[in-house]
Amino acid sequence: MRRLVFCLSLMSLTLSGILAMGAPVYGEPIAKQLFGKMKSPAPLSARAIGSYARGCLSGGAMLPISGPGWEAMKLWRNRNWGHPQLVKYLERFATEAQTIDGWPGLLIGDLAQPRGGPMLTGHKSHQSGLDADIWYRPKPAEPLSKSERADSWSIKLADTYGRKVITENWKPGYVKLLKRAASYPETARIFVHPAVKRALCEGAGSDRAWLRKIRPWWSHNYHFHVRLKCPSGYSGCANQPAPPVGDGCGKQIAYWMKKLEAGEKWSKTKPKKPKKPKKPKKELRMADLPKSCRAVLNAGPGAVSAAAYSTAAPLPVRRPAVAAAAAQSSTARASTAKANKDASLPRLKGLTAAPLPTRKPQ
Ligand SMILES: [Zn+2]
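Position one of the sequence shown corresponds to residue 25 (this note's numbering), numbered consecutively onward.
Structure follows, in structure tokens:
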């Protein structure tokens with residue numbers, strides 16, 4: 025009897041497997057293809073939805089392209105949108121840095137798309153309207169034309185693997201500037217190049233509490249990245265855990281200096297052409313984002329029609345679970361399990377051997 029039940033259940037498993045193989049499984053749309061086309065904000069209440077790297081934005085506000093203390097750059101990207109609190113923060117920070125600290129003003133790079141979400145190019149985060157990139161290059165005295173905003177670039181404060189800031193470009197004013205950016209209670213973190221953090225540690229003097237919010241991270245040698253905490257009053261916004269206690273100088277800086285050194289060595293010895301062709305990276309699909317992000321796409325002018333969801337490319341047909349599990353070697357299973365553990369970790373094909381620290385900004 026028991027054997028019969030077993031046989032029957034095996035048969036039904038096989039049958040469902042065959043059905044699964046035959047029936048097309050339609051995938052969820054790739055989220056960046058929908059959010060990347062949005063030209064205007066969702067006319068809904070202002071909400072930063074989900075997390076910084078898996079979220080979207082409703083009721084987005086536009087950062088005015090010019091103000092007394094700032095200019096928005098690269099306007100053709102249409103990424104000068106954010107949660108109203110981010111816009112308010114940037115206006116206040118720019119104004120106070122200028123009027124109180126005597127900083128010439130800010131050149132502000134990407135915030136988010138009008139409805140946030142994943143982007144067609146660049147940025148893993150900047151999805152929920154709470155992230156903004158600010159150039160190290162100070163604002164020029166003269167107003168910038170549209171083409172100047174499109175064609176100009178920032179200055180670099182450190183080389184990619186540099187352990188020290190570039191002396192000709194560094195000035196003590198950066199300590200005041202970053203201190204001010206960190207001083208507002210809504211600031212969660214500010215990402216800078218590790219050499220910049222080191223220079224800030226050296227220039228901070230005795231008031232050091234603000235340094236806790238300044239986090240060293242790769243690729244921040246031309247700009248710093250401000251990240252705000254979730255605005256209160258909406259539970260669907262996910263904060264990151266608070267940064268580790270302390271000013272993050274001392275040991276943590278020494279650790280980063282070693283990483284930079286190892287990274288530089290690695291960059292000089294890495295093979296120019298990867299041995300294996302790169303696998304396409306896993307794209308965030310609508311199902312990977314909070315459900316409310318659909319309502320954000322469906323609202324008001326420029327709404328995404330239902331057709332956009334049904335014409336999504338089919339996902340590869342899955343093999344029956346039983347057969348697939350048997351076919352998968354134990355090592356393959358282990359690596360899949362590891363990869364699935366945290367889907368928000370950036371994929372670093374070819375970089376896995378590089379001496380990188382944990383890939384999550386702290
Ligand atoms: Zn950024």
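The C-beta atom is built at its ideal place from N, Cα and C for all residues, glycine as well.
Since this is a predicted model, take the numbers as computed values, not measurements.
Within 7 Å of the C-beta of residue 217 there is not a single heavy atom belonging to ligand 1.
Restricted to the stretch 106-159, the beta strand (DSSP E) segments that are unbroken, complete and at least 3 residues in length are 130-132, 155-159, listed in chain order.
Listed as beta-bridge partners of residue 211 by DSSP are 252.
DSSP places residue 94 inside the beta strand (DSSP E), whose first and last residues are 94-96. The C-alpha of residue 326 lies about 17 Å from the C-alpha of residue 69.
These are the residues, in chain order, with a beta carbon less than 5 Å from any non-hydrogen atom of ligand 1: 157, 249.
For the set 223, 262, 178, the Cα lying nearest the Cα of residue 160 is the one of 178. The continuous alpha helix (DSSP H) containing residue 277 extends over residues 275-293. A straight-line Cα-Cα distance of about 42 Å links residue 314 and residue 126.
Taken atom to atom, the span from the alpha-carbon of residue 183 to that of residue 78 is near 30 Å. DSSP, reduced to helix, strand and coil, places residue 74 within a strand of the structure shown. Secondary structure at residue 85: strand, using DSSP grouped into helix, strand and coil. The beta carbon of residue 58 sits closer than 8 Å to those of 141, 310, 321, 328, 332, all from its chain and outside the five residues before and after it, given in chain order. For residue 95, the number of other beta carbons within 10 angstroms of its own is at least 16, and it is reported as buried.
Following the DSSP letters along the chain, one finds residue 240 inside the beta strand (DSSP E) bounded by residues 238-240. In this structure, the straight-line span from the alpha carbon of residue 259 to that of residue 222 is close to 36 Å. Taking one beta carbon from each stretch, the stretch 102-120 and the stretch 165-181 have fewer than 3 pairs nearer than 8 Å; the two do not touch.
DSSP places residue 321 in the uninterrupted alpha helix (DSSP H) bounded by 316-322. The three-state secondary structure of residue 309, taken from DSSP, is strand. Counting C-beta pairs with one atom in each stretch, the stretch 212-222 and the stretch 238-250 have three or more that are closer than 8 Å, which means they touch. Of the residues 164, 262, 60, 116, the one whose Cα lies closest to the Cα of residue 87 is 116. Comparing alpha-carbon positions, the option among 82, 51, 230, 75 lying closest to residue 64 turns out to be 82.
In the structure shown, the three-state DSSP call for residue 197 is helix.
With at least 16 other beta carbons inside 10 angstroms of its own, residue 220 counts as buried. DSSP places residue 79 in the strand class (E or B) of the three-state scheme. A direct Cα-to-Cα measurement between residue 208 and residue 124 gives close to 14 Å. Under the Cβ criterion (8 Å, minimum of three pairs), the stretch 223-232 counts as touching the stretch 199-207. About 6 Å separates the CB atoms of residue 236 and residue 272; that is less than 8 Å, so the two are in contact.
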